[in-house]
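Only one structure is covered here, and it is reproduced in the block below.
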Amino acid sequence: MVKEKYKIVLIDGFLMLYGDAKADLKNIDMFGLKVGDKVKKIGRLSANGKVTSSTRIFEVKPYMTYSGMFFIDEDEYMAFLMPEEYFKWDLFTPRVDIYSLFSFINIEDNEPELILQNIPNLSIEIFKAQFETVK
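Numbering-wise, the working numbering puts 22 at position 26 of the sequence shown, and it's gapless, one number per residue.
Encoded structure:
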């Protein structure tokens, strides 16, 4: 019996990779991020400091790591390795790598945007492709 290295799963409704997906992640830099960059925040607020449909912040503490591009058929995703602290682990739920998958829109003359899809809710969250990194 061959053990799967990783699965594509929904966690809290969001598309994620669960397991050792390193071999299938492509070493592609995107929107100024290099593979291995530690990202604390994605996005920005509107000029008046409010959340709108396309100006919001996705924040992870201490940070997530941009791990490269992941492809499902013709769909492209930016994969971010989530920190261990983001999930609860115990004796019956051993620690594994979990990658959050963001699709993106990069239309000429517009600021690129990342998209988090909530599959069961048929909703999306849009974030400007602006990153606050950690050294």
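Note that beta-carbon positions come from the ideal geometry of N, C-alpha and C, so glycine has one too.
Smallest Cα separation from residue i: which of the options?
i, options, result
"Asp20", "Leu29, Val35, Asp69, Lys36", "Asp69"
"Phe123", "Ile24, Gly28, Arg40", "Arg40"
"Glu133", "Leu87, Phe100, Val92, Ser99", "There is simply no residue 133 to check, as the chain begins at -3 and stops at 131 in what is shown."
"Lys131", "Phe27, Ser42, Gly32", "Gly32"
"Tyr14", "Gln113, Ile103, Leu97", "Leu97"
"Tyr62", "Ile53, Leu87, Ser42, Gly28", "Gly28"
"Ile24", "Asn114, Phe76, Lys57, Asn106", "Phe76"
Mind checking which residues open and close the beta strand (DSSP E) that includes residue i?
i, result
"Lys134", "What is shown of the chain runs -3 to 131, which leaves residue 134 out entirely."
"Met78", "Segment: none, Met78 is in no beta strand (DSSP E) and carries neither H nor E."
"Gly64", "53 to 68"
"Phe127", "127 to 130"
Report back the beta-carbon spacing between residue i and residue j to the nearest angstrom; my notes put them in contact at under 8 angstroms.
i, j, result
"Leu110", "Ile7", "Contact flag wrong, Cβ pair sits at about 17 angstroms."
"Lys36", "Glu55", "7 angstroms"
DSSP has residue i in a bridge; who is on the other side?
i, result
"Leu87", "Its beta-bridge partners do not exist; DSSP assigns none."
"Asn114", "Phe10, Ser119"
"Tyr95", "Leu13, Leu77"
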